[in-house]
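Participant: Per this note's numbering, residue 27 is the first one in the sequence shown, and the count goes up by one each step. A virtual CB, placed ideally from N, CA and C, is assigned to each residue, including glycine.
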Amino acid sequence: MLVELCITIMIGILMGLLTHTKSNKHIKKPKINKTSWNPGFLLDCAFGSIAALVGVIVAGPVEIERLVLIAILAGYAGEGLIRKMSDANLEANERINRKIKADLTKEIKIDELKEK
């Protein structure tokens, strides 16, 4: 069982690296700035390995060929799911930002009218 989990994690890391390369056109190395840390390809590798691990654990005990296939599919699909969720979160934040800007603009106009 431990060997299967190690194989799954390695496949997930590889799938994370491949999806990182696909989306960024090259491998971005981790960078440490004064105020933040950009994990680069390490984050995508971690997401891929976790998604592959979850996919294999949910599938239950299977033979090695099926395990490899499930790990590949789960690692790739996990990246897509994470991107979809982050895009939805970004869109929601942008909607909130636009609403706040509109409300502030209305308040400023009302204050200007009161002053006159």
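1. What three-state label does DSSP hand Ile-98 in the structure shown?
2. Write down the C-beta distance between Val-82 and Ile-96 rounded to the nearest angstrom, noting that I regard them as a contact closer than 8 Å.
3. Does DSSP classify Asn-182 as helix, strand or coil?
4. Suppose only complete runs of 4+ residues qualify. What are the alpha helix (DSSP H) ranges in the segment 27 to 72, listed by chain order?
5. Is it buried or exposed, His-46, if we count other Cβ atoms within 10 angstroms and call 16 or more buried?
6. For His-52, tell me which candidate among Lys-140, Leu-31, Tyr-102, Asp-70 has the shortest Cα-Cα distance.
7. Rounded to whole angstroms, what's the CA-CA distance from Phe-67 to Val-84? Just pull it up for me.
Facilitator: For this structure:
1. helix
2. 5 Å
3. The structure shown has nothing for residue 182, since the chain only spans 27 to 142.
4. 28 to 50
5. buried
6. Asp-70
7. 26 Å
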